[in-house]
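Written out below as structure tokens is the structure these notes cover.
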Amino acid sequence: MNRLVITPGEPAGIGPDLLVQLAQQPPAGAAPWIVVADPDLLAARARQLGLPLRLREYTADAAAPTAIGELCVLPVAATAPVTAGQLDPANADYVLRTLTRAADGCLRGEFAALVTGPVHKGVINDAGIAFTGHTEFLAARCGNAHPVMLLAADALRVALATTHLPLAEVSRAITPARLERVLRILDHDLRTRFGLAQPRILVCGLNPHAGESGHLGREEIDIIEPTLKRLRAVGLHLTGPLPADTLFTPRHLEHADAVLAMYHDQGLPVLKYAGFGHAVNITLGLPIIRTSVDHGTALDLAGSGRAETGSLRAALDLAADLARRAPVACA
Ligand SMILES: NC(=O)c1ccc[n+]([C@@H]2O[C@H](COP(=O)([O-])OP(=O)(O)OC[C@H]3O[C@@H](n4cnc5c(N)ncnc54)[C@H](O)[C@@H]3O)[C@@H](O)[C@H]2O)c1
Ligand SMILES: N[C@H](C(=O)O)[C@H](O)COP(=O)(O)O
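Its first residue numbered 3, the sequence shown is counted upward by one per residue in our numbering.
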């Protein structure tokens, strides 16, 4: 079984557009793939975009199509009618039903990997469902695994010690236990999933200038340095904590396989500046392979034909590559 499964994400966003557009291109990814979505939604978006689309219903034993203009769909009905660009909390449960079906299919070996389109975190919360992101949702679905978010663009890989956390809560969350867990998962998955024999990881400080010897914050001295020292002693190749402002320069990056940033907007603006449009988001630490696009729902572009498929194609290609490697146990 090497079939990949895609969830288009928020129905009012560009996810459905991207799938319809992808269907017009030569087959993406080195493996067949299917979509978990409402077929009527995909057909309506294709009409809006003025693009031809044939839909074929997924059956577990049928080969996924490779014909141009065709999508293989595992049908999940939307709850409410969808208008491109207009969020509706009534469809939050639809988004989560597509994700749940796809993730469960990966967990039981029906699919080799999950590729996700963008969801809108806000509208899911507006529907009364606590939701901070795919990363945390999938971790819970996978038996409360500890997830590590990694985004990759070309040679740059940036992982996060904390994911979708308000900035006011970040410092409290940087504990020795969390840092050790995240670094062990990052090191383990870089070895097993990316084939790096001895991953070299650069670790950012939390504070300006990595705390300036304690004068601008003590997390580096009290938490980060002792954790790195402990993990170096068991063989991890870790450099840091380094000031984040100068870590992201070629002189440091050329000696690294990955960077660990302490929080979302310390690491991701650099990554997206370097590679927005073809970068891929990968969730490490899960018993399944999951990749995703580097962008959001782009409600302003839904139904316009101007959404670009580069990141989705890259996410499919990487998912296929990762799936070709032997399945790996979590760290
Ligand atoms: N993988 C995901 O599920 C994911 C990732 C990032 C953001 N989000 C969510 O998406 C929502 C909107 O976020 P945002 O507005 O900060 O970011 P966004 O990525 O949706 O939009 C940022 C800008 O990039 C443009 N853009 C985005 N994707 C594009 C594409 N494929 N082709 C061309 N232009 C594109 C948009 O038009 C907009 O100008 C939020 O709810 C956010 O949490 C989800
Ligand atoms: N943090 C991601 C980004 O900025 O691209 C995005 O919000 C998606 O996160 P999930 O994969 O957890 O939904």
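For every residue, glycine included, the Cβ atom is placed at its ideal position computed from N, Cα and C.
Quick caveat, the model's predicted, so the values are computed rather than measured.
Beta-bridge pairing by DSSP links Ile284 to Leu152 and Thr293. DSSP, reduced to helix, strand and coil, places Thr85 within a strand of the structure shown. Ranked by Cα distance from Thr248, the first of Ala82, Lys231 and Val205 is Val205.
Beta-bridge partners assigned by DSSP to Cys74: Arg58.
Within 7 angstroms of the C-beta of Leu270 there is at least one heavy atom belonging to ligand 2. Residue environment analysis places Gln268 among the buried positions, since at least 16 neighbouring C-beta atoms fall within 10 angstroms of its C-beta.
Remark: fewer than three beta-carbon pairs, one from each stretch, lie closer than 8 angstroms, so the stretch 240 to 257 and the stretch 279 to 298 are not flagged as touching. Measuring C-alpha to C-alpha distances from Pro18 to each of His266, Pro29 and Leu53 identifies Leu53 as the nearest. Contact between Gly216 and Ile225 is absent: CB atoms are separated by about 12 angstroms, not below the 8 angstroms threshold. Taking 7 angstroms as the cut-off, one finds no heavy atom of ligand 1 near enough to the beta carbon of Ser306.
Secondary structure of Gly242 (DSSP, three-state): strand. Relative to ligand 1, the nearest heavy atom lies less than 7 angstroms away from the CB of Pro120. Apart from the 5 residues on each side of it in sequence, Met151 sits with its Cβ closer than 6 angstroms to the Cβ of Thr137, Leu162 and Thr165 in its chain, given in chain order.
In the three-state scheme derived from DSSP, where H, G and I count as helix and E and B as strand, Arg180 is classed as helix. Within the chosen limit of 7 angstroms, ligand 2 does not reach the beta carbon of Gly17 with any heavy atom. Judged by beta-carbon spacing, Leu21 lies within the 8 angstroms limit of Leu44, meaning their Cβ atoms are closer than that value. Our two residues, Lys274 and Asp302, have alpha carbons roughly 19 angstroms apart in a direct line. The criterion of a C-beta distance shorter than 8 angstroms is not satisfied by Pro10 and Tyr96. Arg103: not part of any beta strand (DSSP E); member of the alpha helix (DSSP H) spanning Ala94 to Leu109, first to last residue.
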